[in-house]
Amino acid sequence: MKKILFLLLLLTILSLPVFAQIDSSGEYVSPYSKGSQTFTMNGGLFIPLFFYFPALSPSVESTKDHLSLGGTGSLEWSMFISDRISLGIELAGTFSFTPNMNTHVLIPLTGKIAYVFPVGSFEIPVFFGTGLAVNKVANQVYFGTILKPGASVYWNMNLRWGFGLTAQYWIVPEVYFGDKSDNTSFGNFMDIGFSARYHF
Amino acid sequence: MKIENIFSYLVILALLFVSSLFTACNVNGPGIFYTIYNEKKISESLVSDKPVYKVVSAGSSLYVRAGAAVYKNDGTAWNKIDPPSAGMRAVSLGRIGSAIYAVYESEASGALSDTIYTLSGTSWSKLSDTVPAVSAIDGSLNLSLITVDHDNNIFFINQRTGSGTYSFYSFDGSFHTLTSEDVSQPVISAAVSGVNYFLAASNISGSSVLYTTNGSSTVTTVITTGFDTAKTIGGISEDALNGNLYLSTRDGYLYKSSDAAGVDWGTGSLNSTALTDSYGTACLGDMAVVDYNGTDYLIIAADNGYFEMDLTGTSPELPTVTAENFETYELSQEAVFSLYTETDKIYIGSDNGLWLSEYSGGPALDKE
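In the order they appear, the protein sequences are chains A and B.
For any residue, its number in this note's numbering is found by taking its place in the first sequence, counting from 1, and adding 1249.
For any residue, its number in this note's numbering is found by taking its place in the second sequence, counting from 1, and adding 734.
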């Protein structure tokens, strides 16, 4: 009974056009305009997927038994350059553990471009980020690049605050030349977490 | 916003990505993901997280000096051997046959001293009053046992007698004084070639002497050619098969004698440039010869792991035969203090535990 009541309450809240983005004529009205800014906080799970070693055989190796499920968090600032498109910058951090409990850390600083699809009281930003990342385990540190495509689903609680889920795919190249070229690899990860966004 | 502006932003992102590919760097190690993928779960034991300064075998048991204590493994598990008295610290370890000897440091009324003990069962007894005991000189002690690979009938004793002075002894069941007067370099490593023992004495300031003795007579200085005695020696080892001696130096060079007398060391070191690992110039130390999968290798301890060289070779290299993907092991980042070898086995005492490279159809490197 409690579950049913909870679901009904949830559906009621979600269906409320608290700050509806549809005007009286049924047209979408974007809450954003050129110059609108958002500040977003993310936190969730960091999921190692697989490593790709172009020079080795087999080239695709699962991270299972090599890296644990980890955690991630990030802070992001964005500015809209139209009512649908924003440009931003994100600082993130992750941790996960190797079999001998060495901590693997990724700290990317990325530029980000996003396009917002409105769906009623919801928004679905689809985005792509790239930049530099500090990649560290034990006493090895690698400074390299990173690609982060992803998408979010936000429910706008009011004009200022939106809450939702974010999923990102992380491609982390580790490129070597010369003697170590065979060790070139591409780490593939995913993060799924909760997001809170402030619009101002 | 104009499409051109968005396009410009995307181009900037793409350029950032491509340029960062070429500015990426990792000065240390074989690669983050390569290392993670090759990492194996390390078993934990009483000695797995301790610095292992010495490894010896006696009877069917293995003994190590790890941290300030002595541990024994009888083939099933490691057990700590309690010191002679509470609070005493093990500072050196040796063996003769199946007997184990250790130097323990004690403090009485604020005064430090080193004494040699022998192990009887699980308790230590003082060797005898005739064995040198050392009191602290300038606040530090130095009474150390120097074992010889592949000869478990003797060990040598290095005694600090004053500020920068030393005397040597040997023990083969009886006690022998090997120096008629104090010398200025401590013995750091010993090897045997035929009936002669070679003691490599060296100090950190770069002054080295090679001594020889039959084990009971006073040492004599070997007049060497081709070896730079201004270098600090890391270790000495013998190649009994070919009648050669090897010397390693703390600045990354390996020397090979062309005779069993340790006189002729050729025209210089085997390697023309100092050995390097992923972290720079290697500081070489203890050495041992091992029969590994039917081939004899010289194993050379270093400040980041170890090197290996086929005895017919001329160039030590980071391990590929005795350990696959060596650079992905934590051992490749750890200082190696002690080596002990048996056929197809290399025990490696590092600053973070004891490792064993064992050949059994293939090389396996694991922590003990």
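We treat Cβ as the ideally placed atom computed from N, Cα and C, and that holds for glycine.
> Is the number of C-beta pairs between the region 940-959 of chain B and the region 1003-1014 of chain B that are closer than 8 Å three or more?
Replying inline: No, because fewer than three Cβ pairs between the region 940-959 of chain B and the region 1003-1014 of chain B fall closer than 8 Å, the two stretches do not touch.
> Going along the chain, which residues of the region 1408-1439 of chain A sit with their C-beta nearer than 7 Å to a C-beta in chain B?
Replying inline: Pro1422, Glu1423, Val1424, Tyr1425, Lys1429, Asn1432, Ser1434 and Gly1436
> So Tyr1074(B) packs on Ser826(B), CB below 8 Å; how close in whole Å?
Replying inline: Taking the second sequence and counting its residues from 1, one reaches residue 1074(B) at position 340. Taking the second sequence and counting its residues from 1, one reaches residue 826(B) at position 92. In fact, because the Cβ distance is near 15 Å, the residues do not count as touching under 8 Å.
> If Thr1321(A) sits next to Gly1293(A), beta carbons under 8 Å apart, how far is it from one beta carbon to the other, in whole angstroms?
Replying inline: Taking the first sequence and counting its residues from 1, the one referred to as residue 1321(A) is at position 72. Taking the first sequence and counting its residues from 1, the one referred to as residue 1293(A) is at position 44. The pair is a contact, with the Cβ atoms about 6 Å apart (cut-off 8 Å).
>> Measuring straight from C-alpha to C-alpha, what distance separates Ala1269(A) and Val1368(A)?
In response: Within the first sequence, the letter at position 20 stands for residue 1269(A). Within the first sequence, the letter at position 119 stands for residue 1368(A). Residue confidence is low: Ala1269(A) scores 46 on pLDDT, short of 50, so the model does not pin down where it sits. No coordinate-derived value is stated.
> Quick one: what does DSSP say Leu1316(A) is sitting in, helix, strand or coil?
Replying inline: For the purposes of this step, residue 1316(A) is taken as residue 67 along the first sequence, with counting starting at 1. Reduced to three states, the DSSP call for Leu1316(A) is coil.
> Helix or strand or just coil, what does DSSP make of Gly1337(A)?
Replying inline: Stepping through the first sequence from its first residue, residue 1337(A) is reached at position 88. Three-state result, Gly1337(A): strand.
> Under 7 Å Cβ-Cβ, which residues of chain A neighbour Glu773(B)?
Replying inline: On the second sequence, position 39 is the one that residue 773(B) refers to. Those are His1315, Thr1347, Pro1348 and Asn1349, listed as they occur along chain A.
> Helix or strand or just coil, what does DSSP make of Thr1359(A)?
Replying inline: In the first sequence, residue 1359(A) corresponds to position 110, counting from 1. Residue state, collapsed to three classes: strand.
> Which same chain residues, not among the five before or five after Ser992(B), have their C-beta less than 8 Å away from its C-beta?
Replying inline: Translated into positions along the second sequence, residue 992(B) becomes position 258. Excluding positions up to five away in sequence, the list reads Asn978, Asp998, Trp999 and Gly1000.
> Going along the chain, which residues of the region 1328-1342 of chain A sit with their C-beta nearer than 7 Å to a C-beta in chain B?
Replying inline: Ile1330, Ser1331, Ile1334 and Leu1336
> Quick one: does Pro1050(B) have its CB under 7 Å from some CB of chain A?
Replying inline: Within the second sequence, numbered from 1, the residue matching residue 1050(B) stands at position 316. Not one chain A Cβ lies under 7 Å of Pro1050(B).
>> Considering only their Cβ atoms, is the gap separating Gly1319(A) from Ser1345(A) smaller than 7 Å?
In response: Your numbering for residue 1345(A) matches position 96 in the first sequence. Your numbering for residue 1319(A) matches position 70 in the first sequence. Taking 7 Å as the Cβ cut-off, Ser1345(A) and Gly1319(A) qualify as a contacting pair.
> Ordered along the chain, which non-local residues of its own chain (more than five positions away) have a Cβ less than 6 Å from that of Ser1264(A)?
Replying inline: Numbered from its first residue, the first sequence carries residue 1264(A) at position 15. Because the pLDDT of Ser1264(A) is 47, which lies under 50, any placement of that residue in the model is unreliable, and the question is left without a value.
> If we count the other Cβ atoms within 10 Å of its Cβ and call it buried at 16 or more, is Lys1101(B) buried or exposed?
Replying inline: Your numbering for residue 1101(B) matches position 367 in the second sequence. So Lys1101(B) ends up on the buried side.
>> Cβ closer than 8 Å: which chain B residues qualify as neighbours of His1353(A)?
In response: Here residue 1353(A) is taken as the residue at index 104 of the first sequence, counted from 1. Under the 8 Å cutoff, chain B gives Ile766 and Ile770.
> Where do the N-terminal and C-terminal ends of the beta strand (DSSP E) with Asn772(B) fall, by residue?
Replying inline: To locate residue 772(B), count along the second sequence from 1; it is residue 38. Counting along the chain, Asn772(B) falls outside any beta strand (DSSP E), though it belongs to the alpha helix (DSSP H) covering Ile766 to Asn772.
> So, Ala1022(B) versus Ser971(B), is the Cβ gap smaller than 7 Å?
Replying inline: By one-based count along the second sequence, residue 1022(B) stands at place 288. By one-based count along the second sequence, residue 971(B) stands at place 237. It is a contact, given that the beta carbons lie within the stated cut-off.
> Beta-carbon of Gly1039(B) versus every beta-carbon of chain A: anything under 7 Å?
Replying inline: Residue mapping note: residue 1039(B) aligns to position 305 of the second sequence, counting from 1. No, Gly1039(B) does not count as interfacial toward chain A.
> Residues bridged to Leu877(B) by DSSP?
Replying inline: Indexing the second sequence from 1 puts residue 877(B) at position 143. BP columns for Leu877(B) point to Gln893(B).
> Going by other Cβ atoms of all chains shown within 10 Å of its Cβ, with 16 needed for buried, is Thr1433(A) buried or exposed?
Replying inline: Here residue 1433(A) refers to the residue found at position 184 of the first sequence. Buried, by the Cβ-count rule.
> Who are the near neighbours of Asp1037(B) in its chain, counting only those whose CB is closer than 6 Å to its CB and skipping five residues on each side?
Replying inline: Position 303 of the second sequence holds residue 1037(B). For Asp1037(B), same chain residues with a beta-carbon under 6 Å away, outside a window of 5 residues either side, are Cys1017 and Ala1069 in chain order.
>> Can you give me the C-alpha to C-alpha distance between Asp885(B) and Tyr1418(A), rounded to a whole angstrom?
In response: Counting from 1 along the second sequence, the entry for residue 885(B) is found at position 151. Counting from 1 along the first sequence, the entry for residue 1418(A) is found at position 169. If you take the alpha carbons of Asp885(B) and Tyr1418(A), they lie about 60 Å apart.
> Can you find a CB in chain A that lies within less than 7 Å of the CB of Ile1082(B)?
Replying inline: Your numbering for residue 1082(B) matches position 348 in the second sequence. Not closer than 7 Å to any Cβ of chain A, the Cβ of Ile1082(B) fails to qualify, so no.
>> I need the straight-line Cα distance from Leu1065(B) to Arg1333(A), nearest angstrom please.
In response: Counted from its first residue, the second sequence places residue 1065(B) at position 331. Counted from its first residue, the first sequence places residue 1333(A) at position 84. Going from the Cα of Leu1065(B) to the Cα of Arg1333(A) covers about 53 Å.
> Just how far apart, CA to CA, sit Tyr768(B) and Tyr1281(A)?
Replying inline: Along the second sequence, one-based indexing puts residue 768(B) at 34. Along the first sequence, one-based indexing puts residue 1281(A) at 32. One C-alpha to the other measures close to 45 Å.
> Does Phe1405(A) have its Cβ less than 7 Å from a Cβ in chain B?
Replying inline: Position 156 of the first sequence, counted from the first residue, corresponds to residue 1405(A). Per the sequence shown, the amino acid found at residue 1405(A) is Asn instead of Phe. With 7 Å as the cut-off, Asn1405(A) does not count as an interface residue toward chain B.
> Which residue or residues does DSSP assign as beta-bridge partners of Gln1417(A)?
Replying inline: For this step, residue 1417(A) is matched to residue 168 along the first sequence. Its beta-bridge partners are Gly1399(A) and Asp1440(A).
> So who's on the other strand from Gly1411(A), going by DSSP bridges?
Replying inline: Taking the first sequence and counting its residues from 1, the one referred to as residue 1411(A) is at position 162. Paired residue(s): Asn1405(A) and Arg1446(A).
>> Considering Cα atoms alone, identify which of Glu1310(A), Lys1361(A) and Pro1297(A) is closest to Ser1244(A).
In response: Residue 1244(A) cannot be examined here, being either before or after the span of chain A that is shown, 1250 to 1449.
>> Give me the chain A residues within the contact set of Glu682(B), using Cβ-Cβ distance strictly less than 9 Å, ordered along the chain.
In response: Given a span of 735 to 1102 for chain B in the structure shown, any question on residue 682(B) remains unanswerable.
> Under the DSSP definition of a beta bridge, which residues are partnered with Arg984(B)?
Replying inline: Along the second sequence, read from residue 1 onward, the residue named residue 984(B) stands at position 250. DSSP, once it has assigned bridges, lists no residue as partnering Arg984(B).
> Of all the beta strand (DSSP E) runs that stay within the bounds of the region 1005-1060 of chain B, which reach a length of 3 or more residues?
Replying inline: 1018-1026, 1029-1036 and 1039-1044
> Which chain B residues sit within Cβ distance under 8 Å of Glu1310(A)?
Replying inline: Taking the first sequence and counting its residues from 1, one reaches residue 1310(A) at position 61. Near Glu1310(A) (Cβ distances below 8 Å), the residues of chain B are Tyr771.
>> Just to make sure I have the definition right: I need the residues of chain A whose C-beta is within less than 9 Å of the C-beta of Ile776(B). Which are they?
In response: As a working mapping, residue 776(B) is identified with position 42 in the second sequence. Those within 9 Å of Ile776(B) in chain A are Pro1348 and Asn1349.
> Do we get a CB-CB distance below 7 Å when we pair Tyr1364(A) with the residues of chain B?
Replying inline: Here residue 1364(A) corresponds to residue number 115 of the first sequence, with the count starting at 1. Chain B places no beta carbon closer than 7 Å to that of Tyr1364(A), leaving this residue out of the contacts.
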